[in-house]
Structure formats: structure tokens, C-alpha cells
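Accompanying notes for the structure given below.
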Amino acid sequence: MHQNHIKKLAAIHDLSGIGRVSLTSVIPILSSMGVQVCPLPTAVLSTHTQYENFYKVDLTEHLQPFINHWQKLEIDFDAIYSGYLASAAQVEIVVRLIETFYKKGLMVVVDPVMGDNGSTYESLGDDLVQEMKRLITKADIITPNLTEAALLLDEPYDPNVDIQTIKEWLVRLSDKGPSTVIITSVPELLHKKITSVVAYEALTQRFWKVSCHYLPANYPGTGDSFTSVVTGALLQGDSLPIALDRAVQFISYGVRATFGHNYDTREGIMLERILKNLDNPVTMGTYEMLD
Ligand code: PXL
């Protein structure tokens with residue numbers, strides 16, 4: 204087996220031509236952070252699913268032959284990171300991929316991409332939601348948004364959920380397997396213009412929170428960018444709260460860089476303008492530890 208001088212990550216996401224989601228965010232961000240991204244595309248789409256009449260090629264039946272070739276080559280991954288899956292059947296394939304490439308220290312990140320703002324993405328079935336509940340048990344780190352956390356726990360989506368409930372949800376999700384759980388787009392009830400990311404680390408039983416100003420525009424793909432920065436930061440050796448700080452600052456900056464333009468928000472944040480920020484150290488971190 205060769206030693207990895209550059210960390211290698213298998214990225215299981217769709218490739219959407221327009222809209223800066225999934226692989227078109229994951230690859231530039233993690234490459235900029237010094238990680239080699241090896242894509243395993245779950246589907247190829249003309250655009251992401253928030254455009255009308257998108258054209259989608261589901262690659263479910265091709266995933267296993269791709270993986271078989273990697274296995275023959277004895278590829279040595281440092282991390283596996285899954286996001287948007289095109290069918291429920293892809294979960295079993297990802298589970299087997301994790302088992303096939305398992306080694307001590309392998310980092311498994313599952314972003315259970317299913318929906319946002321209380322509803323699920325178009326063409327996503329309930330069978331995938333059920334299977335996603337199984338996939339998260341195999342992960343070290345999961346990053347659901349509030350909508351996805353509710354789906355994973357069979358709880359109703361409540362945009363006014365309080366922080367105590369979020370802490371309970373984090374622990375319940377972690378009890379299913381992942382040692383680190385990060386819930387994004389958590390509302391700040393006393394400050395309507397602030398939204399937070401709240402995380403739980405089972406090893407230390409500590410909760411972390413990073414807040415940021417909310418700008419009233421909804422950009423698809425920010426969840427993918429967020430999880431990519433967290434993953435890259437952890438692979439670089441950052442602590443969890445610093446990884447969260449870096450990701451929140453990157454997304455906030457991306458939204459601010461984009462918001463001032465008269466622009467079709469479905470295209471996502473202007474990543475190309477801000478990728479270089481990933482090289483900056485965190486200067487004014489804002490993370491808090493919750494009791
Ligand atoms: O970023 C989430 C996402 C990923 N992949 C596809 C999507 C979306 C959100 O709309 O449509 C194909």
C-alpha cells in the first residue's frame with residue numbers, strides 16, 4: 204500500500220451542471236484545502252433540482268462497478284464523504300464502500316442531504332429518508348440541517364425549535380452512531396437575524412455553537428460548502444470548534460459577497476470569488492461552548 208502524501212477523499216455526490224451544489228462545490232473547496240477529491244457521482248443533472256424541468260441521469264447501477272475498480276487498485280482513502288444520493292438503493296452501496304475501504308483513522312462524513320426549510324427536495328422519496336437513517340449510523344460525522352435532523356428523528360419540523368430541544372436532538376442522533384453531530388440552520392429565537400450551527404462531540408460530551416448574521420436570500424449548495432469546509436479543516440487537524448468557525452465564516456462571507464449583486468440566487472454563492480479565503484487563518488473566531 205502506498206502512503207498518502209496528500210489526503211485522499213472519496214466524494215459521493217451528484218454532479219449538477221448549473222447551481223454550485225454537490226461536486227461543483229465539494230471539489231474546489233477541498234482541493235483548495237489541499238485534499239485530493241475522488242468523485243463517485245451519484246447522478247448527473249443539467250441543474251440542481253430547484254430549477255424546473257431539470258434532466259437527471261441516475262447512476263445507481265454504475266456505482267458498484269466504479270467501486271470494484273477502486274478496490275482492485277487498492278486505493279487508500281483517508282476520508283469518505285457522502286451527500287446527495289439519487290436513490291434509496293445507493294445507501295447500501297455507500298455502506299459497503301465504507302466497509303470495503305475501512306482502516307483505522309478513516310473519517311466518514313455523511314451529509315444527509317434531503318431537504319431544507321421544512322420540505323424535501325424534488326424527486327426524493329420516503330424510501331431514501333428511511334435508508335438515510337441507516338446510513339448515518341455508519342458515519343463519524345453528520346451534518347443535517349434542521350429539516351434533515353427532524354426527518355432523521357421522526358420529529359415535526361419546527362422553525363421555532365429551542366436550543367434545549369436541539370441539544371437533545373444532537374445527543375439522540377449521536378446515540379445512533381456518529382461521534383460528532385452538527386445541526387445547521389438553527390434559529391436564534393431572540394434574534395431573528397441570526398442563525399446558528401450547533402454541534403455535539405460525544406467523546407467530550409461538549410456542545411459548541413457558532414452564530415452568524417442571516418441575510419434574507421436562500422442560496423442552494425451552502426450546506427454542501429459548509430460540510431466541505433468542516434471536512435477539510437478537520438483533515439488539516441483543526442479542532443471541531445475551529446472547523447465550525449472556519450466554515451461559518453466562509454459561508455457568511457460567500458453570502459455577503461453574492462447578496463449585493465442583482466442575481467439569480469438559484470446559482471448559489473459566488474464560490475470562485477471567495478475560495479482564496481480558505482487560506483486565511485481564523486482571526487476572529489466566534490465559537491461558544493454551551494453548558
Ligand atoms: O445542495 C443540496 C442539493 C444537492 N444536489 C442536488 C440538489 C440539491 C438541492 O437542491 O438539487 C441535485
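204 is the number of the first residue of the sequence shown in our numbering; add one for each residue after it. C-beta atoms are modelled at their ideal positions from N, C-alpha and C, and glycine is treated no differently.
Closer than 7 Å: residue i CB and nearest the ligand PXL heavy atom
i, result
"Asp343", "no"
"His464", "no"
"Thr323", "no"
"Tyr287", "yes"
"Ser219", "yes"
"Gly457", "no"
"Gln253", "yes"
"Val260", "no"
"Leu243", "no"
"Ser225", "yes"
"Leu248", "yes"
"Asp427", "yes"
"Val313", "no"
"Val316", "yes"
Coarse secondary structure for residue i, derived from DSSP in three states
i, result
"His272", "helix"
"Thr461", "helix"
"Leu443", "helix"
"Thr323", "strand"
"Asp261", "strand"
"Ala420", "coil"
"Glu404", "strand"
"Met492", "strand"
"Leu393", "coil"
"Gln239", "strand"
"Phe410", "strand"
"Lys211", "strand"
"Asn348", "strand"
"Val229", "helix"
"Val312", "strand"
"Val297", "helix"
Nearest neighbour of residue i, chosen from the options [CA to CA]
i, options, result
"Lys259", "Gln253, Pro268 and Ser249", "Ser249"
"Gly328", "Pro347, Ile345, Gln293 and Ile301", "Gln293"
"Leu406", "Leu393, Pro359, Phe462 and Ile344", "Ile344"
"Thr245", "Asn256, Thr263, His394 and Tyr254", "Thr263"
"Leu393", "Ile301, Phe304 and Asp365", "Asp365"
"Gln206", "Asn256, Phe280 and Val297", "Phe280"
"Trp273", "Tyr287, Ile301 and Val485", "Ile301"
"Gly220", "Ser326, His416 and Glu470", "Glu470"
Inter-residue Cα distance where the pair is residue i and residue j
i, j, result
"Ser228", "Leu481", "13 Å"
"Glu475", "Asp319", "24 Å"
"Leu356", "Leu276", "38 Å"
"Ile283", "Leu376", "19 Å"
"Pro347", "His216", "15 Å"
"Gly424", "Ile472", "8 Å"
"Gly488", "Leu443", "12 Å"
"Ser322", "Ile454", "22 Å"
"Ser360", "Val316", "According to the sequence provided, residue 360 is Tyr. The question's Ser does not apply to it. The straight-line gap from Cα to Cα measures roughly 15 Å."
"Ala289", "Ser234", "24 Å"
"Asp467", "Gly440", "36 Å"
"Glu255", "Met492", "42 Å"
8 Å Cβ cutoff, residue i in contact with chain D
i, result
"Gln452", "Going by chain labels, chain D is absent from the structure shown, which holds only one protein chain."
Near the ligand GTP: residue i beta-carbon under 7 Å from a heavy atom
i, result
"Gly424", "Absence of the ligand GTP from the depicted structure is noted, with the ligand PXL being the only ligands included."
The region 227-246 in contact with the region 305-322 per 3-pair CB rule at 8 Å:
no
Take every Cβ of the region 265-277, pair it with every Cβ of the region 335-346, and state whether three or more of those distances are shorter than 8 Å.
no
Count the C-beta pairs between the region 383-390 and the region 399-415 that are closer than 8 Å, then say yes if the count reaches three, no if not.
yes
Closer than 8 Å is the cut-off here; do at least three beta carbon pairs connect the region 417-424 with the region 370-387?
No contact exists between the region 417-424 and the region 370-387.
Between the region 215-227 and the region 423-431, are three or more C-beta pairs nearer than 8 Å?
yes
For the pair the region 446-456 and the region 410-417, tell me if three or more CB-CB distances fall below 8 Å.
yes
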